[in-house]
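Scroll down for the structure; my scribbles are underneath it.
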Amino acid sequence: MDVLGLDIGGSGIKGALVNVTTGSLSSDRYRLPTPEEARPDDVAQTISKIVKHFSYKGVIGVGFPAVVHHGVAYSAANIDKSWIGTDVSKLLTQDTGCKSYVLNDADAAGLAEMEFGIGRKFKKGVAILLTVGTGIGSAVFIDGKLFPNTELGHLEIRGKDAERRASDATKSRKKWTWDEWAMRFQEVISTYERLFSPDVFIIGGGASKYFSEYEKFLRSRAEIVPAQLLNQAGLVGAAIYAHRSDSLLKSSKNQKKA
Ligand code: BGC
5 MDVLGLDIGG SGIKGALVNV TTGSLSSDRY RLPTPEEARP DDVAQTISKI
55 VKHFSYKGVI GVGFPAVVHH GVAYSAANID KSWIGTDVSK LLTQDTGCKS
105 YVLNDADAAG LAEMEFGIGR KFKKGVAILL TVGTGIGSAV FIDGKLFPNT
155 ELGHLEIRGK DAERRASDAT KSRKKWTWDE WAMRFQEVIS TYERLFSPDV
205 FIIGGGASKY FSEYEKFLRS RAEIVPAQLL NQAGLVGAAI YAHRSDSLLK
255 SSKNQKKA
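FYI, the numbering for the sequence shown is 5 to 262, going by my numbering.
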């Protein structure tokens, strides 16, 4: 079965049909630029265009770069502040005409990696997936189960958010090489290690495809591995999440009827 997964990123919004049994894409990815300032109505319009592009009618899953609690956004680090308090699921359902299930973007990427990527090897213990892109996103799994909305990118390190110290956006702004960036990222990894003693750090997001450039500079008691699904993880995870949430909702409605 195919479900449309979408991922809202700092520079682009991507969508693709995802086979939710295998985690593979059943269509090409379609990407539109993220509207400037990323305000709710503009982003919703862009999402509608992507849904139309696929002539799609089913449920959609959306990875969103903020704290998302029961469909409502509660933070806005790299998007317009007017998102805070917005019921994102409701807004997107209204605009697209498709029932929308929304979750944090890093949580979405983590779900996909744990189910179809490198995370399959780390179903026991604590796994931390970090997406390194415009911000630093985090998804924490305990024995394969997600602890949502952890927002480790906003943990302060020497008075500054981890993501301001070592995101991919900071690397580009400062024109750092990978080894210069890795020195800063090492401090982030060491801080998380001290606090959470994970078994593995999975490095995802834009930085995952350059893993071989910087892996030699990173040290941890935990294993450090690159994500396998690369930039696809977010939309794959969002589609899985939508499919599962919808099936759960339907089965609980059926139980009530019986
Ligand atoms: C946001 C997170 C998001 C991450 C990656 C951070 O700035 O607070 O919610 O997961 O960026 O997009």
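Cβ coordinates follow ideal geometry from the N, Cα and C atoms, glycine included. All figures in this text were calculated on a predicted structure; none of them were measured in a lab.
{"Check": "Thinking C-alpha only, which one of E217, A242, D203 and I207 is nearest R225?", "Outcome": "D203"}
{"Check": "Looking only at DSSP bridge pairs, what is K164 linked to?", "Outcome": "I161"}
{"Check": "Once the 5 residues before and after A166 are set aside, which same chain residues still bring their CB inside 6 Å of it?", "Outcome": "I140, G157, L159 and V192"}
{"Check": "Got a sec: does ligand 1 put a non-hydrogen atom nearer than 7 Å to the Cβ of V240?", "Outcome": "no"}
{"Check": "Using a Cβ distance threshold of 8 Å, determine whether the region 108–124 contacts the region 240–249, with at least three qualifying pairs required.", "Outcome": "yes"}
{"Check": "So what does F68 bridge to, in DSSP terms?", "Outcome": "N108"}
{"Check": "What are the complete beta strand (DSSP E) segments, minimum 3 residues, inside the region 131–158?", "Outcome": "140–146 and 149–151"}
{"Check": "DSSP three-state label for Y78, please.", "Outcome": "coil"}
{"Check": "Whose CA, out of A112, A70 and G62, lies closest to the CA of V92?", "Outcome": "A70"}
{"Check": "Kindly indicate the opening and closing residues of the beta strand (DSSP E) around N235.", "Outcome": "N235 -> no beta strand (DSSP E), and no H or E assigned at all."}
{"Check": "Going by beta carbon distance, what residues of the same chain come within less than 6 Å of Y60, once the five residues before and after it are set aside?", "Outcome": "L8"}
{"Check": "Could you give the distance in angstroms between the alpha-carbon of A170 and the alpha-carbon of K103?", "Outcome": "36 Å"}
{"Check": "Let's test the definition: count the other Cβ atoms within 10 Å of the Cβ of G121 and tell me whether it reaches 16, buried, or not, exposed.", "Outcome": "buried"}
{"Check": "Any heavy atom of ligand 1 closer than 7 Å to the beta-carbon of D11?", "Outcome": "no"}
{"Check": "Name the DSSP beta bridge partners of N23, please?", "Outcome": "D6"}
{"Check": "Relative to ligand 1, is the shortest distance from any of its heavy atoms to the C-beta of H247 smaller than 7 Å?", "Outcome": "no"}
{"Check": "Contact defined as beta carbons within less than 8 Å: I believe G65 pairs with V76. What is the distance between those atoms, to the nearest angstrom?", "Outcome": "The pair is not a contact, with the Cβ atoms about 16 Å apart (cut-off 8 Å)."}
{"Check": "Buried or exposed for E41, going by 16 or more other Cβ atoms inside 10 Å?", "Outcome": "exposed"}
{"Check": "Leaving out five residues before and five after N82 in sequence, what residues of the same chain have Cβ atoms less than 7 Å from its Cβ?", "Outcome": "G14, P69, T138 and G139"}
{"Check": "Among V24, S31 and T25, which has the Cα closest to the Cα of K18?", "Outcome": "S31"}
{"Check": "Taking the beta carbon of H74 as the centre, do at least 16 other beta carbons fall within 10 Å, making it buried, or is it exposed?", "Outcome": "exposed"}
{"Check": "Quick one: measure Cβ to Cβ for T100 and V63, integer angstroms, because I've assumed they're closer than 8 Å.", "Outcome": "Contact doesn't hold; Cβ gap of about 10 Å is too wide."}
{"Check": "In its own chain, which residues sit with a C-beta less than 7 Å from the C-beta of P39, not counting the 5 before and 5 after it?", "Outcome": "D46, V47 and T50"}
{"Check": "Report the rounded CA-to-CA distance for R172 versus S212, giving the unit in angstroms.", "Outcome": "The residue asked about is misnamed: residue 172 is Asp in this sequence, not Arg. Between D172 and S212, the C-alpha separation is close to 11 Å."}
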